[in-house]
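Here the structure is laid out as C-alpha cells; the discussion comes afterwards.
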Amino acid sequence: MFLQDLKKAKPVLLEVLGHYLIFLALFFCFRLAVLFVYGELFTELSWGQLAISLLEGVRFDLASTTILLLIPMLLLTFPLRFTGSSTYRILIQVIVFLQLLGLIIFLSADFVYFSHVKRHITNELLFLANDTEYLLLEAKAQWLAILGVLVAAVLCFPLFLKWHRRQNVVGVRSWSGYLLIFLIMAVLARGGVQMKPIAVIDAYRHGNGSMGNLILNGMFSASHYSISGHFIERKITNEAEYLSTLGILEPQDPTYPLEQKPAVISSKRNLNLVVIMVESLSSKYIDGLSGESYGITPNLDKLISTSRVYTNFFANGQRSVDGVQSILTGVPPLPGIPDMTALTANYPRLGNMARANDIRTVFISSTNRESFSLDLIARSAGFNEYFGREDYPLLLSYPAEEAQRPLGWDYEAMMYLLQQLKESEGRFFGYINASSDHTPFAKLQDPFTSYEHGTDTEGGYLNMLHYTDWAIGKFLEEFQQHPQFEDTVFIITADHAMAHFQSNEPYERFRIPLFIYSPKHVEPGISENYGSQIDLLTTIVDLLQLEGTYSSIGSNLLEEKPNYAVVKEGALINIFSPLGFLQHSLGRMVHYQPGQSQPSEQDRQHLEEQVLAFDHLTYLLLTSNRWQRL
Numbered sequence: 033m034f035l036q037d038l039k040k041a042k043p044v045l046l047e048v049l050g051h052y053l054i055f056l057a058l059f060f061c062f063r064l065a066v067l068f069v070y071g072e073l074f075t076e077l078s079w080g081q082l083a084i085s086l087l088e089g090v091r092f093d094l095a096s097t098t099i100l101l102l103i104p105m106l107l108l109t110f111p112l113r114f115t116g117s118s119t120y121r122i123l124i125q126v127i128v129f130l131q132l133l134g135l136i137i138f139l140s141a142d143f144v145y146f147s148h149v150k151r152h153i154t155n156e157l158l159f160l161a162n163d164t165e166y167l168l169l170e171a172k173a174q175w176l177a178i179l180g181v182l183v184a185a186v187l188c189f190p191l192f193l194k195w196h197r198r199q200n201v202v203g204v205r206s207w208s209g210y211l212l213i214f215l216i217m218a219v220l221a222r223g224g225v226q227m228k229p230i231a232v233i234d235a236y237r238h239g240n241g242s243m244g245n246l247i248l249n250g251m252f253s254a255s256h257y258s259i260s261g262h263f264i265e266r267k268i269t270n271e272a273e274y275l276s277t278l279g280i281l282e283p284q285d286p287t288y289p290l291e292q293k294p295a296v297i298s299s300k301r302n303l304n305l306v307v308i309m310v311e312s313l314s315s316k317y318i319d320g321l322s323g324e325s326y327g328i329t330p331n332l333d334k335l336i337s338t339s340r341v342y343t344n345f346f347a348n349g350q351r352s353v354d355g356v357q358s359i360l361t362g363v364p365p366l367p368g369i370p371d372m373t374a375l376t377a378n379y380p381r382l383g384n385m386a387r388a389n390d391i392r393t394v395f396i397s398s399t400n401r402e403s404f405s406l407d408l409i410a411r412s413a414g415f416n417e418y419f420g421r422e423d424y425p426l427l428l429s430y431p432a433e434e435a436q437r438p439l440g441w442d443y444e445a446m447m448y449l450l451q452q453l454k455e456s457e458g459r460f461f462g463y464i465n466a467s468s469d470h471t472p473f474a475k476l477q478d479p480f481t482s483y484e485h486g487t488d489t490e491g492g493y494l495n496m497l498h499y500t501d502w503a504i505g506k507f508l509e510e511f512q513q514h515p516q517f518e519d520t521v522f523i524i525t526a527d528h529a530m531a532h533f534q535s536n537e538p539y540e541r542f543r544i545p546l547f548i549y550s551p552k553h554v555e556p557g558i559s560e561n562y563g564s565q566i567d568l569l570t571t572i573v574d575l576l577q578l579e580g581t582y583s584s585i586g587s588n589l590l591e592e593k594p595n596y597a598v599v600k601e602g603a604l605i606n607i608f609s610p611l612g613f614l615q616h617s618l619g620r621m622v623h624y625q626p627g628q629s630q631p632s633e634q635d636r637q638h639l640e641e642q643v644l645a646f647d648h649l650t651y652l653l654l655t656s657n658r659w660q661r662l
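When you read off a place in the sequence shown, starting at 1, and then add 32, the result is the number in this note's numbering.
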C-alpha cells in the first residue's frame, strides 16, 4: 500500500523537484558571477579546489532553498483534494514567485556587497534593515538596476505560470508522499543527516578562506549568522591560560580580570579630546603613509610630521558600529556576539567616564541623527549631547540635488562641533562621525573633481575623500583660535578600511591610519607597533588621566609595547602581528601568512593560540557578565 502511494506521488515529487531546480539554478548563477567578476580573489585556487567549492556549494544552496520553499511546498502537496484546484495552485504560484523575486533582489544586493568587503553579508542584514534612509539612498543610486530586475520579473511571471500549469497533479497526492517530501526537506534544510546542522563555519572546513566564500551563498550566511551565535561553536577551557597567553597576568580581582586603573603621572594634566572618525579611510590613500601619489589628502599628509602616527593600526571589524564600539568601549566585535546596540553585559563607556570626570561630552554626526543607529550608539556610550545633520545649517553651497543628502557634510559637522566647544568653560570631549565619503558618493564642484566621478567608483571616493581632508584642515585651522587648543588631543582615524577597491591582500583590507596630534603633550613620530581600535580606550584614559577603574583587553599605544590586532571578518576572526597574519574559523585555521621570509611553525602556533585566547576570553567574560563590574 505504501509503495503504491509513493508511486502515485511521483508527479508531485517531480513538481517539487522542478521548483528546487529553478532556485538552485539561480544560486548557481550568482555563485558563478562571484567567481568570474571577482576572479582576482580566487586565483590561488586550483581547478580541483574550484570544482570542490562549486559542488559543496550545492549543499548550502539546498539548505537555503529548503528554508524558502518549505511552507509553500508543504501547502502545495497537502493530500486533500482542494489543494489541486486551480485557484489554490495559482495562490501558491504567486507566493513562490514572490519568493523567487525576493531572492533575486537579495542575491543581487549580496553580489554588490561582496565587492565592498570581499565576503557575503552576515549580521549586517539586521543592522541595515533598521536604516531606511540609507537603504533608500542606495536604492536611488542603483535605481536603473533595480528597475531592470522588476521589469524582468514581470516579463518572466507569465512563463512561470505556464510552466506551473503544465504540472497535472490533481488526484495523485497521498499521505505517504507528503511524509516523504517532509522528511527529505527536513534533511536538506539541516544539510544532511549528521549530528549538527551545517553552519557558516562548515564552509571553511578546507582551511581556505577563498573556498569558503565560494561555497557559501549570501542567503545562507545572512540567515544563519544573523539569527544567533548558536552557530558559532567555542570550546571554552582554561581562563587562566587565556590570560597568560595574552599577557594579562595576576589580575587584582579574578572575577574581573580586565579591570585597570589609569596610569599615574607626576603632574595632573587637564587635557581635552577630539576624535574624528572618518568613514572608510584606508592608509593606502594617504600618500605620506603609503608612498602613493593620489594627491587628495594634503592636510593629513601635513599632520604626519607633527603627530604620533601608527602605520600598523587596524580596524577591529568591517562596519561603522564595529569601529565606534571598539573605540568608545574597548569591547571588540566578535563572531556571534551582538554589537553594543544589543549587548547586555556591563562594559566601559568612554562618555560616562569623561562625564564622571566633569568633562563635557558632545557627539556629532555628519549624517541624519538616526542613520546607522548612531543616536543609540552615542547614548549607549554615555554622551549627553548628540547632534545630527538636521541640527546645523549648511555653510557652503552644494549642488541642489545633493545638499540635503542623509549622509550630510563633514565641514558643517566639524564647524558645528567647534561652535559647541567654544561655549565650553571646562574640559570637553568631542566626537565626530565624518561620513560624507560614504557611498553613494556625491559629486561636488572643483577642486573636488580630480578624478572621474561615479557614485560607486574609486574616483568618486577619492573626490569625496579630498573634500573630507579639506574639511579636517579647515577644522584644525579654525580650532587653533580656541583658547584650549594647546591642551587638546586630536585623534584622527577611521571606522573601517575601504575594502571595496582593495585587492584580497589582508593587511590592506583592514589597515587604517591613526594620528594622535597634540604637539605639546604627545611626542610626534612614526610607530610601527601593531594595534587596533580597542587600544584607543586605554590610550585615551591614560592621556586624559580619567579617574576611576575601567576594563579593557587593549593596551596603551603610547607605551610602545609589542602588540597585535584582532579583526572580525564575518564569521571568521583574523589576527595581525609582527609574526604574520592568521585567519581562523573558531573551528580550524583557515589561512596563515608569515610575517618573516622563513615561515615558523612556532610563530603560526603562537598566533593561533593568541587569536583563540582573545576570542574565548572576550566571549567568556561578556556572556558571564564579568567584563566590568557595575
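The beta-carbon is built from N, C-alpha and C at its ideal position, and this holds for glycine as well.
Can you tell me which of the three DSSP states residue i falls into?
| i | result |
| --- | --- |
| residue 259 | Only weak support is given to the placement of residue 259: the predicted model assigns it a pLDDT of 46, under 50, and the value that follows is read from those uncertain coordinates. Three-state result, residue 259: helix. |
| residue 370 | coil |
| residue 134 | helix |
| residue 203 | Residue placement at residue 203 cannot be trusted, given a pLDDT of 49 that sits under 50; the coordinates are not used to answer. |
| residue 253 | helix |
| residue 219 | helix |
| residue 213 | helix |
| residue 600 | strand |
| residue 622 | strand |
| residue 147 | helix |
| residue 606 | strand |
| residue 483 | coil |
| residue 129 | helix |
| residue 304 | strand |
| residue 491 | helix |
| residue 583 | strand |
| residue 225 | coil |
| residue 291 | strand |
| residue 614 | strand |
Under the assumption that residue i contacts residue j (Cβ atoms under 8 angstroms), give the Cβ distance between them as a whole number of angstroms.
| i | j | result |
| --- | --- | --- |
| residue 101 | residue 51 | 6 angstroms |
| residue 99 | residue 221 | 6 angstroms |
| residue 350 | residue 371 | The pair is not a contact, with the Cβ atoms about 12 angstroms apart (cut-off 8 angstroms). |
| residue 482 | residue 328 | 6 angstroms |
| residue 430 | residue 441 | 7 angstroms |
| residue 391 | residue 460 | 6 angstroms |
| residue 323 | residue 526 | Contact flag wrong, Cβ pair sits at about 19 angstroms. |
Enumerate in chain order the residues of its own chain whose CB-to-CB distance from residue i is below 6 angstroms, with the five nearest sequence positions on each side excluded.
| i | result |
| --- | --- |
| residue 645 | 274, 277 and 278 |
| residue 559 | 342 |
| residue 636 | 624 |
| residue 307 | 463 and 523 |
| residue 641 | 277 |
| residue 475 | 485 |
Classify residue i: buried if its beta carbon has 16 or more other beta carbons within 10 angstroms, exposed otherwise.
| i | result |
| --- | --- |
| residue 46 | exposed |
| residue 235 | buried |
| residue 469 | buried |
| residue 362 | buried |
| residue 272 | exposed |
| residue 417 | exposed |
| residue 478 | exposed |
| residue 458 | exposed |
| residue 542 | buried |
| residue 574 | buried |
| residue 653 | buried |
| residue 407 | buried |
| residue 512 | exposed |
| residue 451 | exposed |
| residue 79 | exposed |
| residue 207 | exposed |
| residue 267 | exposed |
Given residue i, which residues of its chain have a CB within under 8 angstroms of its CB, disregarding the five upstream and five downstream residues?
| i | result |
| --- | --- |
| residue 105 | 48, 51, 213 and 217 |
| residue 70 | 146, 147 and 150 |
| residue 663 | No answer is possible for residue 663: the residues shown for the chain start at 33 and end at 662. |
| residue 89 | 59, 60, 63, 246, 247, 248 and 249 |
| residue 491 | 483, 484 and 485 |
Under 7 angstroms Cβ to Cβ from residue i, same chain only, skipping five residues before and after it: list those, please.
| i | result |
| --- | --- |
| residue 124 | 104, 107 and 108 |
Considering only residues of the stretch 418 to 477, which uninterrupted alpha helix (DSSP H) runs meet the minimum length of 4 residues and lie entirely inside it, listed in chain order? Restricting attention to alpha helix (DSSP H) runs no shorter than 4 residues, the stretch 418 to 477 encloses them at 442 to 454, ordered along the chain.
Which ranges would you report for the alpha helix (DSSP H) in the stretch 49 to 126 if only whole runs of at least 4 residues count? Those alpha helix (DSSP H) runs which fall completely within the stretch 49 to 126 and span 4+ residues are 79 to 108.
Minimum length 3: unbroken beta strand (DSSP E) runs contained in the stretch 495 to 567: Those beta strand (DSSP E) runs which fall completely within the stretch 495 to 567 and span 3+ residues are 520 to 526, 546 to 549 and 557 to 564.
Going residue by residue through the stretch 324 to 402, where are the continuous alpha helix (DSSP H) segments of at least 4 residues, counting only ones entirely within it? The qualifying runs are 330 to 335, 352 to 361 and 382 to 388.
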